[in-house]
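Going down the list, the sequences are from chains E and V.
The first sequence lines up with residues 23 to 289 when you count with my numbering.
The second sequence lines up with residues 1128 to 1314 when you count with my numbering.
Ideal Cβ placement from N, Cα and C applies to all residues, glycine included.
Take a look at the structure below.
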Amino acid sequence: MLSEDSHLSREELLLSIDGELAPGDAGRVEAHLAACWSCRVRRQEMETAIAEFVRLEQGNFFFDIPSADGPRALLKARLAQAAETQRGPWHGWFGRVSWPIGWAAAAILVIGAIGAIAIRSWSARRPAALMAVTIPNPNLTPGATVLLSQREVCSETSAKNKAVPASIRRQVFDEYGIAYAEPRAYEVDYLITPALGGADDIRNLWPQSSSATVWNAQVKDALEDYLRGLVCDGRLDLATAQRDIAGNWIEAYKKYFHTDRPLTLYR
Amino acid sequence: MLESKTLATVAPPEVRPTSGLAIQDQVVELFDELRVPLLRYLSGFPLSVPDSEDIIQEAFLALFEHLGRGGSHPNIRGWLFRTAHNLALKKRLRVRRNGGPALEMGLARDVAIDPAPNPEVQLASHQTRERLMAVVRALPEQNRWCLYLRAEGLRYREIAAVLDISLGSVALYLERSLALVARAAER
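The following block contains the structure:
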């Protein structure tokens, strides 16, 4: 408790500095400080100690804190996966409806699923209208990079993929033997993203099927973000990142995210 | 020991989740805001940066699940620090059980760049940092955690909740720790 005659205790001084005193006590402490040079000096010493510690804890450590890009990309992927799990097909639904309605709905879903399978097997017998491309052909798209150092790659804060001109897209489709490509059926994508030093070159471009439901463009984007984070944190060599993503980006995803399937199903 | 009634009351901001993607966005936003403070705090355990990153990921996933179940908390920042603290304790226990080496607290950078023009001043500054770090390293854990949490801006009530100790203990540990830091800085 506060004493009116003696000097303030160190605890009282600290609470006063931190604004943790109740209003009544704060008034008395301030009044004492206004009259007492000795307590003001002690308070000043305490504030100096706080400043020294804050400089040590925040300033010194600051330089070695890795970039947030990689951890953020990983968290986003894991959150999306957790959201999928939470949303699971039966999660929470059966709990809210009565059993007869639930079973009736389940029966409708089963009939619907059988119908869908029948339609799909019928469709499969038709000639394929679209060619599904999830991994580029290494002979056509080996990947190409520009000569940039890790520092130069990482200093580029907005290394977004440039839009590919229509003439180049047509050339890519021709190379892959995709005739009459529906504009929305494929995304002409950079194999090695420019954010990792990928070149604006046809040898680095491939037609990624938009219809891919598992290993799709969003999954590759997540890998690219993660690899860039690792490279810019100095935890992965730029050349290794480029080589891994150009070799087989799906295998690279499995390797870096330690999983056999995408952490979430992006649609 | 101070009674809790002598301490000012602080109402921390409450985060109320909405739903679906909004929760994911909110969690990522909080991650951007609190990742570095959490990394700094966990460095005081001490834990390595990769271990700390793992713990932070787990803490934010736990937050997402908590909010996804419709939960809320009057002070999400305190909740995150507390969750990270508990996960760090578990991690450390696992490492010790598996016979892993105990990490020593050290300077993240041995020689921090100092703009002082004079090499003698630079040396003195470096020595002061080393001395301060030695003092912080030698503090009892609770004292050190209090110091780190306060440096990250947590109020006494929040610190008490994270460490599950009384308000009076927070004030006492901080006061004792700062007295030692002050002495080391003076020398």
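Query, Result
"Taking CB distances under 8 Å as the criterion, tell me whether V253 (chain E) reaches chain V.", "no"
"Residues of chain V with a CB under 9 Å from the CB of R94 (chain E): which are they?", "V1155, F1158, D1159, R1162"
"So, does the CB of P1139 (chain V) fall closer than 8 Å to a CB anywhere in chain E?", "With a pLDDT of only 42 at P1139 (chain V), under 50, the local geometry of the prediction cannot be trusted, and the value read off the model is given with reservation. No, its Cβ sits nowhere closer than 8 Å to a Cβ of chain E."
"What's the C-alpha gap between L1307 (chain V) and N183 (chain E)?", "54 Å"
"Is it buried or exposed, D247 (chain E), if we count other Cβ atoms within 10 angstroms and call 16 or more buried?", "buried"
"With 16 other CB atoms within 10 Å as the buried threshold, where does G165 (chain E) fall?", "buried"
"Using CA coordinates, which residue listed in V:A1311, V:R1209, V:A1312, V:C1273 is at the minimum distance from L1294 (chain V)?", "V:C1273"
"Going by DSSP, which residues form a beta bridge with E209 (chain E)?", "E:Q230"
"Residues of chain V with CB closer than 8 Å to the CB of R100 (chain E), please, in chain order.", "Q1184, L1188"
"Quick one: is S28 (chain E) buried, meaning 16 or more other Cβ sit within 10 Å of its Cβ, or exposed?", "exposed"
"Determine the extent of the alpha helix (DSSP H) in which A1309 (chain V) is found, giving its start and end residues.", "1294-1313"
"Could you give the distance in angstroms between the alpha-carbon of A71 (chain E) and the alpha-carbon of R77 (chain E)?", "10 Å"
"Determine whether the Cβ of V1289 (chain V) lies closer than 8 Å to any Cβ atom of chain E.", "no"
"Whether or not the stretch 1179-1192 of chain V and the stretch 1204-1217 of chain V are in contact is what I'm after, with contact meaning three or more pairs of Cβ atoms, one per stretch, closer than 8 Å; do they touch?", "yes"
"State the start and end residues of the unbroken alpha helix (DSSP H) segment that holds N1270 (chain V).", "1268-1278"
"If you measure between the beta carbons of A95 (chain E) and G251 (chain E), is that distance less than 8 Å?", "yes"
"Rounded to whole angstroms, what's the CA-CA distance from A185 (chain E) to R1196 (chain V)? Just pull it up for me.", "41 Å"
"Note down, in chain order, each residue of its chain lying with its Cβ closer than 6 Å to the Cβ of L1166 (chain V), except the 5 sequence neighbours on either side.", "S1179"
"Three or more beta-carbon pairs under 8 Å between the stretch 187-194 of chain E and the stretch 273-283 of chain E, yes or no?", "no"
"Check each candidate in V:L1207, V:G1226, V:R1162, V:P1201 and name the one with the smallest Cα separation from D91 (chain E).", "V:R1162"
"Measure the C-alpha to C-alpha separation of T281 (chain E) and C176 (chain E) and round it to an integer number of angstroms.", "26 Å"
"Give the range of the alpha helix (DSSP H) segment to which T70 (chain E) is assigned.", "59-76"
"Between the stretch 1251-1277 of chain V and chain E, which residues of the former have a C-beta closer than 8 Å to a C-beta of the latter?", "T1255, R1256, L1259, M1260, V1263, L1274, Y1275, R1277"
"Within its chain, find whatever has a CB closer than 6 Å to the CB of V210 (chain E); leave out the 5 residues flanking it on each side and keep chain order.", "V186, R191, V194, L227, P229"
"With 8 Å as the C-beta to C-beta threshold (strictly closer), list the residues of the stretch 67-82 of chain E near chain V in chain order.", "E67, M68, T70, A71, I72, E74, F75, V76, L78, E79, Q80, G81, N82"
"Should T167 (chain E) and A221 (chain E) be called a contact, given that it needs their Cβ atoms to be closer than 8 Å?", "yes"
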